[in-house]
Each structure stands twice: as C-alpha cells, then as structure tokens.
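Novice: Just so we're aligned, residue 0 is where the first sequence starts under numbering that gives the first Met the number 0, counting upward by one.
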Amino acid sequence: MSSDRKIVALVDCNNFYVSCERVFNPKLDGKPTVVLSNNDGCVISRSDEAKLIGIEMGVPIFKCQELVEKHKIQVLSSNYVLYGDMSHRVMKTLSIFCPEIEIYSIDEAFLSFSGMDPEEINNYCRLITKTVLKWVGIPISIGIGPTKTLAKVANKIAKKNKRATGGVFNLTDHPDIDKVLENMEVGGIWGIGRQYSKFLKKNGVMNALQLRDSPDEWLHKNLTVVGMRTALELRGVSCIELEIMQKNKKAIGRSRSFGTDLFTLDELNQAVSTFVTMAGEYLRKQKSLAAGIHVFVISNPFKEGPRYFNSVSINLPRPTALVSELINYALQGLKTIFREGVKYKKAGILLFGLVPDDITQLDFFLPSYPGSKEKKLMEVLDIINTKYGRNTVYPLSNGVERKWKMRQLKKSPSYTTNWTEIPEVKT
DNA sequence: TCTGGGGTCCTAGGACCC
DNA sequence: TCTGGGGTCCTAGGACCC
C-alpha cells in the first residue's frame, strides 16, 4: 500500500563555497570565513563562525571591515571553476546512491525515494551524508518529505539543528507537522520571496501553517498559481515534479560588472564581444542555435554623473551559433545604445529564441547554419579551447588588454583536476 | 460613420530561485 | 575606494486575426 508513496529528499551542501575552499585549505577550518561575489563585492557564502559574528548574506564587504579585522575573518574571492568541479563530484556521488536525481543548483539536488520505507530512508540518508563527506569533503544536510516544498522545509530544520538531527530530518508521517509549520516563518518557505512575504504578513499570514490553511481562491488571486501551488505542496499534495532529465536552457546570458568604469565604445565592444563568446560556447555545448540577441549597458548607480540604462533586442536573419555572426549583431546593437559621456559599470548580453541545431532547413532563401562549413569551424574552436584551456583561441574583437575584467584579489588557486576515480561504495 | 467578441501570439515587467 | 550573476515562470496588455 505504502510502496508507491511519493517521497522526495532535498540535499543541500552546507556553506558550499566556503566548504569547497576548506577542502583544499584546512587552515580555514574553525575560522570565520567568507567568500565574495565577482569583483570582490558582496558576501555570498559564510562559514558558521562568520554567521555567528553577524555577517549578513549579500552585504558589501567594505561595510564589514571592522568585523573582519576584529575577528580576523578570512576573506576569499570566488573561484567558480573550483566550485563547479566540487559540485560535479557531489552530484556524481549522490547519483550512485539514487539514480533518480534532479540537480537543482550548484549545491542542491532532489532525490526520489518513492516507495521506500520512511524508516529506512533516514538511515540511508545518514550513509549518504557520511559518504559525501568522506569522498568529497563537503558536509551536506538532507530534508525529506512527501513534496519538494516540504522537503525544503525539512532541510532547513536539519541544517538549523545539526546536533539533534545529525543533518537529516524527515517530515514524512511526522506526528506534529502543524507545530513544525507553525514555527516556520512564512518568508522562509520555498517560493515565498520578499514581496510575497511582505504582503502575506500584512494580511496576517505569518507562518507556514497559516499559509497552508489559507483559502485557495484568495491565494490564487493574490499570489497567482505559484502561491497556490506552494500552499498545496505544504498540504502534502505534490504539484512540482522532479525533473530528472537535464533540460536545455531557454536563454543564455552573460554579464559582468567591470573592475573599473568604462567610457569608450571600443572598450564596451571588447566586453560585449567577450560575453557573446562565452555564451556562444555554452550555446553550442547544449547543441542549440540562437534566433535573437539582447544587449544592455548600465552606468554606475553608486556614482555621480548621468544615470543611464539602455538595451536593445535584435532578431537574427537566421538562427545561428557562429560566434562571428553573433558578435557582429551584438556590436551593431551596442552601437545604437551607446552614449558618450556615461561611466559604464556593467554590460551584458542574452541569447534568446533558442532552437535545436539539428533542424534542417529554416528558411528557403538563407543558407542554414547547421551542416555548413561554419559549423565545422566552431566545432574545431570548441575542441581546442576544451583541450588547451579557455581562451586559447578567441575572436580578435574580444581584445587583448581586457581593461574591463574583474577584480579578484583573494582567489584560491585552481586545485582540482578531473575526478575520474570513484571509490567503491561500502555499506 | 461607426463599430462585436473571442482567440492567439508576443512582449514587458514583476515575482521567484540559488 | 569598495555594492554579483544566471536563470525560470506567470500575468497583463497590446496587436492582430477572423
């Protein structure tokens, strides 16, 4: 009877970026440590010690200078190549324990345990936790429940009470679920962000229990179907399915804040050209073509001088993944939104209208990109850059000087190589 | 000179996630 | 001095068609 019950687990890496750094630099263990966003701007990952001191998530680091000095907080630039590789190792290990896995983000995954005995699941999850720590060096927490949203709630509890729960908490058949939900602040629920939280509290809905028991019609009217789904999931009705197949992206964007403000079209051309190159690599990796490209520029909002934001969308005459073609249109677009005298702080591009690259003939009159000489050229380019490292070969328009590039003063070295050897599973 | 209703598609903007 | 980046989904409203 209970064998086909839906049970889902959410695995979440604890303080992921900090934990990655600690694997390769054990001196950081036990010390308050934070990792910064690009350009060494904001705090995006904090060790438990740093949280305790009162470093808030997302705070600009220059505002914490006093605390940093007083408590000797270790401050690191982000190293996304390292985190990506560690993420891959974690996910690979998880998938050995449970092949029905949805990789939800760089540090989170949903696992399906449908049909398993809830008692067994807890022990199994403890084994997973132990194994990931041993093999990869990353501590994780696991929340379990009949829906994704309840698994998220359970995960928060597991993480908050590591001692008592051992990092594993199960809400399936929990005898006192109302109490648990009552203790969960409404803004802490998956799917309830800042705006909805504000609205709900204004209307007396303070916690997860009250949200769960709100009338459907009211929820739908004020929070759209999204909010209604969340409430249903809190009731144990599964509305958000596991997505085990990796889906192709529907849009691919690349953007950066610059290390220093830019003034000239030339400099912006180089930056935009580089963003298109990066997005193009990803586009071809997922075997897609782009039918449109969006370009935007932003002036520095924290400085004196004219505020400026502008963007332009271009529909391409044919879907393509050819980097020279994409850059060409992007730069044409950029030219139309460029203004003299603006201090540019950030720019970016978005490839949209993505279609599979194996559709045969798109337009009777235009030579199609797939199967062409140009496609071969791109394949060679990607192979070289994969083999010999990024930017071994790149379009000249990207520039060599790279005045726009990011500040990253405290970045850790590139420690990892390919993780090919999987240890044996011992149970 | 005056004028319906319904369907579909597209886009911008706002909400959310990590 | 110094304030991240990359996504998704939903809705409302306008354009267009019959």
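Heads up, the beta-carbon is just placed ideally off N, CA and C, and yes, glycines get one too.
Spatial neighbours of Asn299 within its chain, please: CB distance less than 6 angstroms, with the 5 preceding and 5 following residues excluded, ordered by chain position.
Specialist: If we look at Asn299 and ignore the five residues flanking it on each side, its Cβ neighbours are Asp260, Lys342 and Lys344.
Novice: Look up Gly186 in the DSSP assignment and say whether it is helix, strand or coil.
Specialist: Reduced to three states, the DSSP call for Gly186 is helix.
Novice: Whole angstroms are fine: how far does the CA of Gly279 sit from the CA of Ser272?
Specialist: Taking the straight line from one Cα to the other gives about 10 angstroms.
Novice: For Ser196, which residues in the same chain have their Cβ closer than 7 angstroms to its Cβ, ignoring the five residues on either side in sequence?
Specialist: Excluding positions up to five away in sequence, the list reads Val185 and Gly186.
Novice: Run the proximity test for Gly252: is its beta-carbon closer than 8 angstroms to any non-hydrogen atom belonging to the ligand NAD?
Specialist: Absent from the structure shown: the ligand NAD. Ligands present: none.
Novice: Grab me the residues of Ile336's own chain with a C-beta within less than 8 angstroms of its C-beta, minus the 5 sequence neighbours each way, in chain order.
Specialist: Only Val294, Phe295, Val296, Asn309, Ser310 and Val311 meet the Cβ criterion.
Novice: Enumerate, from N- to C-terminal direction, the unbroken alpha helix (DSSP H) stretches of 4 or more residues contained entirely within the region 296-379.
Specialist: Those alpha helix (DSSP H) runs which fall completely within the region 296-379 and span 4+ residues are 322-336.
Novice: Let me know the alpha helix (DSSP H) ranges lying completely inside the region 50-92, each 4 residues or longer, listed in chain order.
Specialist: Counting whole runs of 4 or more residues, the region 50-92 contains the alpha helix (DSSP H) stretches 64-70.
Novice: Can the beta-carbon of Gly57 be found less than 9 angstroms from the beta-carbon of Ile43?
Specialist: In this structure, Ile43 lies closer than 9 angstroms to Gly57 by Cβ.
Novice: Between the C-alpha atoms of Trp393 and Thr32, what's the straight-line distance to the nearest angstrom?
Specialist: It is worth fixing the name first, because residue 393 is Tyr in this sequence and not Trp. Rounded to whole angstroms, Tyr393 to Thr32 spans 36 angstroms at the Cα level.
Novice: Going by DSSP, which residues form a beta bridge with Arg255?
Specialist: Bridge partners of Arg255: Ala346.
Novice: With a floor of 3 residues, list each beta strand (DSSP E) that falls wholly inside the region 161-185, ordered by position along the chain.
Specialist: Segments of the beta strand (DSSP E) lying fully in the region 161-185: 167-169.
Novice: I'd like to check one pair, Leu241 with Val275: are the Cβ atoms closer than 9 angstroms?
Specialist: Result no, Cβ atoms of Val275 and Leu241 do not sit closer than 9 angstroms.
Novice: For the putative contact between Ala290 and Gly347, defined by C-beta atoms under 8 angstroms, what is the C-beta separation to the nearest angstrom?
Specialist: Contact flag wrong, Cβ pair sits at about 19 angstroms.
Novice: So does the region 315-331 actually touch the region 242-255, counting three or more Cβ pairs closer than 8 angstroms?
Specialist: Flag = no, the region 315-331 and the region 242-255 do not touch.
Novice: DSSP state of Leu241, grouped into three classes?
Specialist: DSSP places Leu241 in coil when its eight states are reduced to three.
Novice: Would you mind sorting Asn202 into buried or exposed? The rule is 16 or more other CB atoms within 10 Å of its CB.
Specialist: When all chains shown are included, Asn202 counts as exposed.
Novice: Alpha carbon to alpha carbon, how far is Asn160 from Leu180? Give it in angstroms, no decimals.
Specialist: For Leu180 and Asn160, the distance between alpha carbons rounds to 15 angstroms.
Novice: My understanding is that Val236 touches Phe112, with C-beta atoms under 8 angstroms, so please give their C-beta distance in whole angstroms.
Specialist: Incorrect: roughly 18 angstroms between the Cβ atoms, too far for contact.
Novice: Can you tell me whether Lys425 is buried or exposed? The criterion is at least 16 other CB atoms within 10 Å of its CB, across all chains shown.
Specialist: Any reading at Lys425 must be qualified, since the residue scores a pLDDT of 47, below 50, and its modelled position is unreliable; the value itself is stated next. With fewer than 16 Cβ atoms within 10 Å of its Cβ, Lys425 is classed as exposed.
Novice: Distance, Cα to Cα, Val10 vs Ala157?
Specialist: Distance between the alpha carbons of Val10 and Ala157 is about 10 angstroms.
Novice: Would DSSP call Thr426 helix, strand or coil?
Specialist: Note that Thr426 scores 47 on pLDDT, short of 50, meaning its location in the model is unreliable and no value can be drawn from it.
Novice: Does DSSP put Asn37 in a helix, a strand or coil?
Specialist: Correct three-state label for Asn37: helix.
Novice: Can you check which of these residues, Val399, Asn169, Pro355 and Gly165, is closest to Gly142 by C-alpha distance?
Specialist: The shortest Cα separation from Gly142 among Val399, Asn169, Pro355 and Gly165 belongs to Asn169.
Novice: By how many angstroms is the C-alpha of Gly114 removed from the C-alpha of Ser1?
Specialist: At Ser1 the pLDDT is 48, less than 50, meaning the model places this residue with poor confidence; the figure from the coordinates comes in the next sentence. Taking the straight line joining both Cα atoms gives about 7 angstroms.
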